[in-house]
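Colleague: Structure provided below as structure tokens; questions to follow.
Protein chains in written order, with this note's numbering: chain E, 1168 to 1538; chain G, 1456 to 1805.
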């Protein structure tokens, strides 16, 4: 494995310049560049509070084929969004502490950058000859976890971690997922932090069904959930994992898996989009649309024992689910959920997203609470 | 072919009820291989309803894909063999089909939402989307489609089947029955068998028939079903004079059973129904007459002059070309008086 040590050796200023190049140089075939962030000064820093940073990732098409992706980033309370052009194979993750982790692969190398949304600048943080399919910043902002595949064969190379300060080389923390005919080839790997930030769920999805490895990064414990009836993950909280069933659409069953014994509870047989949040007592709850219409929602305890109705958005906005389902994310406080047109964060348009405070049902414009 | 059909029938016989139970419980319920597609939870659309779709504003599929999606909509209409809803494009359709990121989640190729009986949405991933395994290729986006591409029309047909309320077919472990359903968990790429199916499979149709009914009483039942029938027989008179005329009326219906959904208690017409007879006190039946379909629907009739007492029954033999199970009616007796007017036969055994 050849890893670039250039970033680790170079001083912050050089790395900052490289950050610009990372994003600006990797847009062959993509539309005209819309924004090239300045290089951030100093070492990468991740804030500690929710700032209302958000992003949305969309494919950029030429004659119906993806030739790149366009990443819109912004902050609640700010007019307009900045748009970055990325390669066809690219991703965004976060936001964490006002930053968004961006990865893009130009067919030769994968490069990761951290965009500081408020300061409108970016740090280049990693570069690799193997394909970094996706990555995530640990909640403490100090460690990067990367999922990699081989550039030629697309073989799974496992999950790797590296300290953001470059003090040690990357190391593998999870081996490649073992092939299993019940799931077929892996289409998408996703990295999701548990509600408390102590565990990282590594989700490997086939065409329809998903397996999840729940990793404790500190002690290295791994718990595998391998049930072909399970689809994509809604979230992990405490000893519970909540996932949709292995459906190709919605509505779809919503299932809670007790990680302590592997038992499953069907929370709802026909749920729409779903997210994890917190109730008035600070307990983790799952909130889901009832059916596919999104007109009403339900709040459920993760064991399905407690349930409560919740009004949908009267103006027809839909629950914004995880990035895998919404193509974007916003940094919001605990106990808040987000509604947007078609369940997505709008880049522009008349319908602005709103936030709902789960404990008291209060609804406010996205801009208002995050400022 | 016959062997395969028998195998299908045995499996279907055992598993039809399981499939219907799965319909009630949702797609996480496990069912064994080769029964009708499991049914998704929720309502159905109106029988023979017409669902109009349009292209999502700002996310319309490219022309080649639109053509294939329209073709899939036509495929539903032509191959549904049921009263399932049909699909057609309309610029004001109100059920948007989009192209790009959408809200599919991790699903690979396409996804849908169904809000029966109100409407649906659908998304297709874009050509060139990069997955862990490589780059998505839609066959219709090429003049000469390469191996490894996915057929848009097939995938659209799969998605439209989901919208109707079909879950993923459960195949045999060796997938030998893959082409009995388009609605599959795993999609195949060119050139694997079944990658470009442009009609619904028999096990897709089976569940559509359960949920939406067959088009008419004489329509064929999917061979992925094994639906029990019940035959009854009545006669116009229990006793007649020698040479008297008796009219026999049979009715053929699907057994009343909630597991059959909308097929339950259906009248069955246009089938071959035979009237058989046997002399009293014997056990061997012989064919006596072919009964003719009559009204009301599901009724069959024949009239005959009788010259000896006998027991009669109506028989519907299990057909080889559809998923109905044959039945014979309980026997009915007709007593015929003695011959009193010459010439009389020496024997009235006929």
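Just so you know, even glycine gets a beta-carbon here, dropped at the ideal spot from N, CA and C.
These figures come from a predicted structure and were not determined experimentally.
Kindly indicate which three-state DSSP category residue 1258 of chain E falls into: helix, strand or coil?
Modeller: Residue 1258 of chain E sits at position 91 when you count from the first residue of the first chain. Residue state, collapsed to three classes: strand.
Colleague: Measure from the alpha carbon of residue 1491 of chain E to the alpha carbon of each residue in E:1436, E:1442 and E:1275, then state which is nearest.
Modeller: Within the first chain, the letter at position 324 stands for residue 1491 of chain E. Of the listed residues, the one whose Cα sits closest to residue 1491 of chain E is E:1442.
Colleague: Which stretch, first to last residue, makes up the beta strand (DSSP E) that contains residue 1283 of chain E?
Modeller: Counting from 1 along the first chain, the entry for residue 1283 of chain E is found at position 116. Here the beta strand (DSSP E) through residue 1283 of chain E covers 1277 to 1283.
Colleague: Taking the straight line between their C-alpha atoms, what separation do you get for residue 1458 of chain E and residue 1495 of chain G?
Modeller: Taking the first residue of the first chain as position 1, residue 1458 of chain E is located at position 291. Taking the first residue of the second chain as position 1, residue 1495 of chain G is located at position 40. Roughly 12 angstroms separates the two Cα atoms.
Colleague: For residue 1360 of chain E, which of helix, strand or coil comes out of DSSP?
Modeller: In the first chain, the residue the question calls residue 1360 of chain E occupies position 193. DSSP places residue 1360 of chain E in strand when its eight states are reduced to three.
Colleague: Among residues of its own chain, excluding the 5 on either side of residue 1303 of chain E, which ones have a beta-carbon nearer than 6 angstroms to its beta-carbon?
Modeller: Locating residue 1303 of chain E in the first chain gives position 136, counting from the first residue. Correct list, in chain order: 1260, 1312 and 1358.
Colleague: Mind pulling the chain G residues with CB within less than 8 angstroms of residue 1374 of chain E?
Modeller: If you number the first chain from 1, residue 1374 of chain E lands on position 207. Under the 8 angstroms cutoff, chain G gives 1562, 1563, 1564, 1640, 1641 and 1642.
Colleague: Can you tell which of E:1232, E:1224, E:1291 and E:1241 has its C-alpha closest to the C-alpha of residue 1205 of chain E?
Modeller: Working through the first chain from its first residue, we reach residue 1205 of chain E at position 38. Nearest option by C-alpha distance: E:1291.
Colleague: Nearest to residue 1697 of chain G by alpha carbon, out of G:1760, G:1526 and G:1654?
Modeller: Within the second chain, residue 1697 of chain G is the residue found at index 242, counting from 1. The residue with the shortest Cα to Cα distance from residue 1697 of chain G is G:1760.
Colleague: Where residue 1559 of chain G and residue 1578 of chain G are concerned, what is the direct C-alpha to C-alpha distance, given to the nearest angstrom?
Modeller: To locate residue 1559 of chain G, count along the second chain from 1; it is residue 104. To locate residue 1578 of chain G, count along the second chain from 1; it is residue 123. Computed Cα separation, rounded: 7 angstroms.
Colleague: When you compare the stretch 1340 to 1347 of chain E with the stretch 1384 to 1394 of chain E, are there three or more beta-carbon pairs, one atom per stretch, that lie closer than 8 angstroms?
Modeller: Output reads yes: the stretch 1384 to 1394 of chain E touches the stretch 1340 to 1347 of chain E.
Colleague: Using the Cα positions of residue 1551 of chain G and residue 1528 of chain G, report the straight-line distance between them to the nearest angstrom.
Modeller: As a first step, residue 1551 of chain G must be located in the second chain, where it is residue number 96. As a first step, residue 1528 of chain G must be located in the second chain, where it is residue number 73. Answer to the nearest angstrom: the Cα atoms are 14 angstroms apart.
Colleague: How long is the line joining the alpha carbons of residue 1249 of chain E and residue 1632 of chain G, rounded to whole angstroms?
Modeller: Reading the first chain from its first residue, position 82 is the one you call residue 1249 of chain E. Reading the second chain from its first residue, position 177 is the one you call residue 1632 of chain G. Cα to Cα, residue 1249 of chain E sits roughly 51 angstroms from residue 1632 of chain G.
Colleague: Would you identify the three-state DSSP class for residue 1670 of chain G, choosing helix, strand or coil?
Modeller: Numbered from its first residue, the second chain carries residue 1670 of chain G at position 215. DSSP places residue 1670 of chain G in coil when its eight states are reduced to three.
Colleague: When you compare only the Cα positions, how much space is there between residue 1522 of chain E and residue 1715 of chain G?
Modeller: For the purposes of this step, residue 1522 of chain E is taken as residue 355 along the first chain, with counting starting at 1. For the purposes of this step, residue 1715 of chain G is taken as residue 260 along the second chain, with counting starting at 1. Roughly 46 angstroms separates the two Cα atoms.
Colleague: Starting from residue 1491 of chain E, follow the alpha helix (DSSP H) in both directions and report where the run begins and ends.
Modeller: Numbered from its first residue, the first chain carries residue 1491 of chain E at position 324. Where residue 1491 of chain E is concerned, the enclosing alpha helix (DSSP H) stretches over 1490 to 1493.
Colleague: Alpha carbon to alpha carbon, how far is residue 1475 of chain E from residue 1489 of chain E? Give it in angstroms, no decimals.
Modeller: For the purposes of this step, residue 1489 of chain E is taken as the residue at position 322 of the first chain. For the purposes of this step, residue 1475 of chain E is taken as the residue at position 308 of the first chain. Going from the Cα of residue 1489 of chain E to the Cα of residue 1475 of chain E covers about 22 angstroms.
Colleague: Among G:1708, G:1601, G:1635 and G:1732, which one has its Cα closest to the Cα of residue 1687 of chain G?
Modeller: One-based indexing of the second chain puts residue 1687 of chain G at position 232. Of the listed residues, the one whose Cα sits closest to residue 1687 of chain G is G:1708.
Colleague: Would you mind reading off the limits of the alpha helix (DSSP H) that contains residue 1530 of chain G?
Modeller: As a working note, residue 1530 of chain G is residue 75 in the second chain. That run of the alpha helix (DSSP H) goes 1518 to 1534.
Colleague: Quick check on the DSSP output: what are the complete alpha helix (DSSP H) runs of length 4 or more inside the stretch 1421 to 1454 of chain E, in order along the chain?
Modeller: As far as the stretch 1421 to 1454 of chain E is concerned, it has no whole alpha helix (DSSP H) run of at least 4 residues.
Colleague: State yes or no: is the beta carbon of residue 1585 of chain G nearer than 7 angstroms to at least one beta carbon in chain E?
Modeller: Walking along the second chain from the start, residue 1585 of chain G turns up at place 130. It does; some Cβ of chain E falls within 7 angstroms.
Colleague: Scan the stretch 1404 to 1419 of chain E for residues whose Cβ lies nearer than 8 angstroms to a Cβ of chain G and list them as they occur along the chain.
Modeller: Per Cβ criterion, the list reads 1411, 1412, 1413, 1414, 1415, 1416, 1417, 1418 and 1419.
Colleague: Please state whether DSSP places residue 1349 of chain E in a helix, a strand or coil.
Modeller: The residue labelled residue 1349 of chain E in the question sits at position 182 within the first chain. Residue 1349 of chain E falls in the coil class under three-state DSSP.
Colleague: Could you run through the stretch 1214 to 1233 of chain E and flag, in chain order, every residue whose CB is less than 8 angstroms away from some CB of chain G?
Modeller: Those would be 1224, 1225, 1226, 1228, 1230, 1231, 1232 and 1233, in chain order.
Colleague: Check residue 1616 of chain G in the structure and name its three-state DSSP category.
Modeller: By 1-based counting over the second chain, the position of residue 1616 of chain G is 161. DSSP places residue 1616 of chain G in helix when its eight states are reduced to three.
Colleague: Can you give me the C-alpha to C-alpha distance between residue 1310 of chain E and residue 1532 of chain G, rounded to a whole angstrom?
Modeller: Walking along the first chain from the start, residue 1310 of chain E turns up at place 143. Walking along the second chain from the start, residue 1532 of chain G turns up at place 77. Cα to Cα, residue 1310 of chain E sits roughly 55 angstroms from residue 1532 of chain G.
Colleague: From the DSSP output, in three-state form, read off residue 1508 of chain E for me.
Modeller: For this step, residue 1508 of chain E is matched to residue 341 along the first chain. It is helical.
Colleague: Would you decide whether residue 1513 of chain G is buried or exposed? Buried here means 16 or more other CB atoms lie within 10 Å of its CB.
Modeller: Start at 1 with the first residue of the second chain, and residue 1513 of chain G comes out as number 58. With fewer than 16 other Cβ atoms within 10 Å, it is exposed.
Colleague: Counting only the same chain and skipping the five closest in sequence on each side, list residues whose C-beta sits under 8 angstroms from that of residue 1375 of chain E.
Modeller: Here residue 1375 of chain E is taken as the residue at index 208 of the first chain, counted from 1. Correct list, in chain order: 1398, 1413, 1414 and 1415.
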